[in-house]
Amino acid sequence: MKRNRKVSRQMSIVAQNAAHVAAIMLMLFVMVIVNLLANSSCSQLMKSIGEKERLLAKLEDERSRESARWEEMKTPEKLERALTRHGLAMRYAKPSQIVRLRADGTPFPGQLSVAKAMQRDTASAVAMSASPARRRVASTTKRR
Amino acid sequence: MCSENKRFWLPVIALLAFSAYSAQKLFRTHFETDAAEPRYQFERDVPACRGAIYDATGKSSALVKSVPCWEYRLDPVAMTNAVVRPRGEKIPRTREAICRSIANALSLDYRKVLEMSRNTSNRYQYLAQSTDPAAHKILSDRRLVSGVVIEDRQIRQYFEGKRLCHVIGAINKEGVGSAGIELKYERELSGVPGRIRGCRDARGAEIYEKRMETVAPIPGADIRLTIDRNLQYEAETALADGLAKYGAGSGWCVVLDAQTADVLAMASLPDFNPLFFGRAPDASKVNRVTNFTYEPGSVMKVITACAGIDLGIVGPDSLYTTNRDDDRYYRLPGDGRHVWDPRMSVRDALVHSSNIVMGKLGCDMGPKNLWNYMKAFGFGSKTGVELPGEEGGILPHWQKWDKVKWSRAPIGQGISVTAMQLASAYQAIANDGVRMKPHIISKITSGDGRTLYEAKGEVAARPISRSTARKVREMMLGVASSEGTARRAAIRGYSVAGKTGTAQKVVNGKYSDSLYRATFCGIVPSGAVYRNKGDQAPAQPRIVVLVTLDFDHRALYHQGGNSSAPVFKRIAMAALRYLEVEPDRPDELLDFEDEDEFDNVMKERTQST
Chain A
1 MKRNRKVSRQ MSIVAQNAAH VAAIMLMLFV MVIVNLLANS SCSQLMKSIG
51 EKERLLAKLE DERSRESARW EEMKTPEKLE RALTRHGLAM RYAKPSQIVR
101 LRADGTPFPG QLSVAKAMQR DTASAVAMSA SPARRRVAST TKRR
Chain B
145 MCSENKRFWL PVIALLAFSA YSAQKLFRTH FETDAAEPRY QFERDVPACR
195 GAIYDATGKS SALVKSVPCW EYRLDPVAMT NAVVRPRGEK IPRTREAICR
245 SIANALSLDY RKVLEMSRNT SNRYQYLAQS TDPAAHKILS DRRLVSGVVI
295 EDRQIRQYFE GKRLCHVIGA INKEGVGSAG IELKYERELS GVPGRIRGCR
345 DARGAEIYEK RMETVAPIPG ADIRLTIDRN LQYEAETALA DGLAKYGAGS
395 GWCVVLDAQT ADVLAMASLP DFNPLFFGRA PDASKVNRVT NFTYEPGSVM
445 KVITACAGID LGIVGPDSLY TTNRDDDRYY RLPGDGRHVW DPRMSVRDAL
495 VHSSNIVMGK LGCDMGPKNL WNYMKAFGFG SKTGVELPGE EGGILPHWQK
545 WDKVKWSRAP IGQGISVTAM QLASAYQAIA NDGVRMKPHI ISKITSGDGR
595 TLYEAKGEVA ARPISRSTAR KVREMMLGVA SSEGTARRAA IRGYSVAGKT
645 GTAQKVVNGK YSDSLYRATF CGIVPSGAVY RNKGDQAPAQ PRIVVLVTLD
695 FDHRALYHQG GNSSAPVFKR IAMAALRYLE VEPDRPDELL DFEDEDEFDN
745 VMKERTQST
């Protein structure tokens, strides 16, 4: 009876160990699968990163080329040619066309544009006062 | 139970750990051997993007930039072997059809491409470099074209073409600077190349997943110039027109900021195309503003007058006789027919450009004093502008001067200067006697945005006092008037302080009677005129413009006042308008309706005087 008990005990140990080994094997298998999956996903990710990097470099090159094209079109010579082609007589503003104003809206003293405007005003005032006929004409035009 | 479990588990865990470790070792060795296979591994440098050069306005307007492009080469052998069929067609494309596609895409001569395709002994023949994506699409389509090898390259694009070529310079085929800023700042512009270590497949294409090392390249630094591309355009156009109109062989001009000595424009003709620098003639490669010395002629009289007044030997109204046979002086230079007064003030001597009076003044102050002033004005040494190959000019030591030179150096003979030195000296007069170091580089920014260099106003010397500078500027006003030698330099609404110079060229060791260099150097506004009544100080000078026309054959208008002065006027007018400089003689603008009317009145006044 004692002997049988010993055998059954040994049998249970073996069964228990077999279960453990099976569990370990299963665990290893799962680990391998997980590793494979992770590896594959990493490879995919790496591939897509590579693709994105290449796309980025391509777009960067394209942007650089496009900005260069714009730079080339903006040179003074090309602009001049384009203006001539379209019949636009554009020039830098003359000193008499520039009015510099203070923050409160009054013009800086000694400006040519202001002097010219004042000269015009004075001239027209003189002209108005000199000829009554003209003044009449001017007032009629104004009424219209 | 517990000890029994331990007895079982410990060896199992140890076994597992050992097997994992050995497997790892084994596989690692295997992969390492595989990766180390030289057939699959490669290592290559990634070229750094060369830095760009911008004008004074900054990032918005690049003058030069490196742009990615495609280089196309023709491999006639590959073209022969390939059987290319267009979509849906059964007949392969003929060699002629392929060549026509290539020629059309790259705007090349069809016959030339066809000829290249027949030369099978020469593989990888250069076709073109292009940045056109449409051309790339056609040439990379294997159904349309075969035998074209495409490589990614970088092309240096010079947006202004020939303009500013002497300043910017050029690069050679290896991409190394060989002239101008490209040469001087090669280290900054070139950057640091990167590196890639990886594996490639059987076809030679890189396997991106197996890249082992990537060291990104550091792009080159960007350089910002003080030159404004719009002003440069105006200056170069005016100079080219002047050369054509007056028949000069070459010419140069420089525009400086009167306060800071920043170079706003610099032109030298003849010029070259930076893309074909190697093929350009040597004469056109010279930047005549900084790398060429010449006898300045009468423009040096201003320096003599400055020295005389600053020393207190003379004043603007001190009188001299225009008698050449004066025993006190040895071999005085002659005067032209334009000088007739028996007695002449220093002011008039400047206005009429009298050689005799200036020669006498030079002799009176002595060679040592004159030499010292010339040195202080920067003659005989480099100005330090950031361009390669700058010349220092020739100014012999005063102890080596013979008695003839005593009277010749004051009128600009027997010494040689560069245009930049002359402009810098005039800048000192414009800036109340303070000569600033001329600058052409405004800022250098590294590829990662750090500022490597920023130009700051640097005082080079103080050759004369403020009062002397003001007196001389006031004297120079007369030159660009109806009485002076440069009536054609007068600008409506602005006062011009300048001086003409018509220097005879030396041919076979003698001064030529037919070949001249005509110069005009002027300061606008002069800084000697009060804009409004009651102003505390005269209007500040804004720009200094120097123009020289070099006549290599006899020309009708070879004088500085007739040829260089009108060019000066055109450049100065454009610059004043562009820089929005307020006129210091607004009355003239009110009195005269336009520039033509002003010119006619000036002409009439000159004829009457």
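First to last, the sequence lines map onto chains A and B. Numbering-wise (our numbering), the first sequence opens with residue 1 and increments by one. Numbering-wise (our numbering), the second sequence opens with residue 145 and increments by one. All residues carry an ideal CB built from backbone N, CA and C; glycine is no exception.
### Message
I'd like to confirm the pairing. Which residues does DSSP put opposite B:F664 in its beta bridges?
### Response
B:F664 pairs with B:T644 and B:V691.
### Message
Any C-beta of chain B within less than 7 Å: which residues of the segment 27 to 50 of chain A qualify?
### Response
Those residues of the segment 27 to 50 of chain A that come within reach of chain B (Cβ to Cβ, closer than 7 Å) are S43, M46, K47 and G50.
#### Entry: For B:D470, the first and last residue of its enclosing alpha helix (DSSP H)
For B:D470, there is no enclosing alpha helix (DSSP H), as DSSP marks it with neither H nor E.
### Query
Tell me which same chain residues have a C-beta within less than 6 Å of the C-beta of B:P532, skipping the five on either side of it?
These residues qualify, in order along the chain: L327 and K328.
### Query
Buried or exposed: B:C193, going by 16 or more other Cβ atoms within 10 Å of its Cβ?
By the Cβ-count criterion, B:C193 is buried, with 16 or more other Cβ atoms from all chains shown falling within 10 Å of its own Cβ.
### Task
Tell me, please, which residues DSSP counts as bridged to B:D296.
According to DSSP, which records beta bridges pairwise, B:D296 is partnered with B:W214.
### Query
Just how far apart, CA to CA, sit A:K78 and A:E72?
Going by the C-alpha atoms only, they are around 8 Å apart.
### Message
For the segment 726 to 740 of chain B, list every residue whose C-beta sits within 7 Å of some C-beta in chain A, in sequence order.
### Response
Result list: E726, P727, P730, L733 and L734.
### Task
Figure out for me which residue from B:G395, B:P212, B:S204 and B:A346 has the closest Cα to the Cα of A:T75.
Here the closest residue by C-alpha is B:S204.
### Query
What are the start and end residues of the alpha helix (DSSP H) that includes B:I453?
Taken as a continuous stretch (DSSP letters only), the alpha helix (DSSP H) holding B:I453 covers K445 to L455.
### Query
Candidates B:A346, B:S251 and B:Q571: which alpha carbon is nearest B:K581's?
With respect to the C-alpha of B:K581, the residue from B:A346, B:S251 and B:Q571 having the closest C-alpha is B:Q571.
### Uninterrupted alpha helix (DSSP H) stretches inside the segment 589 to 635 of chain B (no shorter than 4 residues)
Within the segment 589 to 635 of chain B, the complete alpha helix (DSSP H) runs of at least 4 residues fall at 610 to 620.
### Task
Could you tell me whether the Cβ of A:Q185 comes closer than 9 Å to any Cβ of chain B?
Any property of residue 185 of chain A remains undetermined from this structure, which presents chain A solely from 1 to 144.
### Query
Between the C-alpha atoms of B:R606 and B:L514, what's the straight-line distance to the nearest angstrom?
Here the alpha carbon of B:R606 sits roughly 15 Å from the alpha carbon of B:L514.
### Message
Given the structure, does B:G666 come close to the ligand NAP, in the sense that its CB is under 8 Å from one of the ligand's heavy atoms?
### Response
Of the ligands one can find in the structure shown there are none, so the ligand NAP has no counterpart to examine.
### Query
Three-state secondary structure (DSSP) at B:D366?
The answer is strand: DSSP assigns B:D366 an E or B state.
### Task
Entirely within the segment 297 to 334 of chain B and at least 4 residues each: give me those alpha helix (DSSP H) ranges in chain order.
You should have 309 to 312, 324 to 328 and 330 to 334.
### Query
B:V458 to B:F521, Cα distance in whole Å?
A direct Cα-Cα distance of roughly 19 Å separates B:V458 from B:F521.
### Message
Tell me which residues of the segment 694 to 721 of chain B have at least one Cβ-Cβ distance to chain A shorter than 9 Å, keeping chain order.
### Response
Against chain A - using a Cβ distance shorter than 9 Å - the residues of the segment 694 to 721 of chain B are A718, L720 and R721.
### Message
Rounded to the nearest angstrom, what separates B:R698 and B:L659 at their Cα positions?
### Response
Cα to Cα, the separation comes out at about 6 Å.
### Task
Could you round the C-beta distance between B:R617 and B:S670 to whole angstroms and report it? I think they count as a contact, below 8 Å.
About 5 Å separates the Cβ atoms of B:R617 and B:S670, confirming a contact at the 8 Å cut-off.
### Message
Counting only C-beta atoms, is B:K209 closer than 9 Å to chain A at any point?
### Response
Yes - at least one Cβ of chain A is within 9 Å of the one on B:K209.
### Residues sharing a beta bridge with B:W542, DSSP
Answer is none; B:W542 lacks a bridge partner.
### Message
Tell me which residues share the same chain as B:S525 and place their Cβ nearer than 7 Å to its Cβ, disregarding the 5 neighbours each side in the sequence.
### Response
Beyond the five residues adjoining it in sequence on each side, B:S525 comes within less than 7 Å, by CB distance, of G536 in the same chain, given in chain order.
### Message
Looking at B:F186: is its Cβ nearer than 9 Å to the Cβ of B:C343?
### Response
One thing to note: B:F186 has its Cβ within 9 Å of the Cβ of B:C343.
### Message
I need the straight-line Cα distance from B:Q376 to B:A206, nearest angstrom please.
### Response
If you take the alpha carbons of B:Q376 and B:A206, they lie about 14 Å apart.
### Task
Could you name the residues of chain B that A:K94 contacts, counting a contact when the two beta carbons are closer than 9 Å?
Within chain B, the residues placing a beta-carbon under 9 Å from that of A:K94 are R721 and L733, ordered along the chain.
### Message
I want to verify the contact list: residues of chain B whose CB lies under 7 Å from the CB of A:P76, in sequence order.
### Response
Simply R373, N374 and Y377.
### Task
Kindly say whether A:R91, judged by its beta-carbon, lies nearer than 9 Å to any beta-carbon of chain B.
It does: the Cβ of A:R91 has a partner Cβ on chain B nearer than 9 Å.
### Task
Report the residue from B:S394, B:S560 and B:V673 whose alpha carbon sits nearest the alpha carbon of B:R614.
The shortest C-alpha to C-alpha distance from B:R614 to any of B:S394, B:S560 and B:V673 is the one to B:V673.
### Task
Give the C-beta separation of B:Y302 and B:L419 to the nearest angstrom, bearing in mind that I take them to be a contact with Cβ-Cβ under 8 Å.
That belief holds up - the Cβ atoms of B:Y302 and B:L419 are roughly 7 Å apart, short of 8 Å.
### Query
To which residues does DSSP link B:W153 through a beta bridge?
Paired residues: none, contrary to the question.
### Task
Pick out whichever of B:K649, B:V745, B:R297 and B:E534 has its Cα sitting closest to the Cα of B:E439.
Closest by alpha carbon: B:K649.
### Message
B:I555 and B:M502 - do their beta-carbons sit closer together than 9 Å?
### Response
Yes, these two residues count as a Cβ contact at 9 Å.
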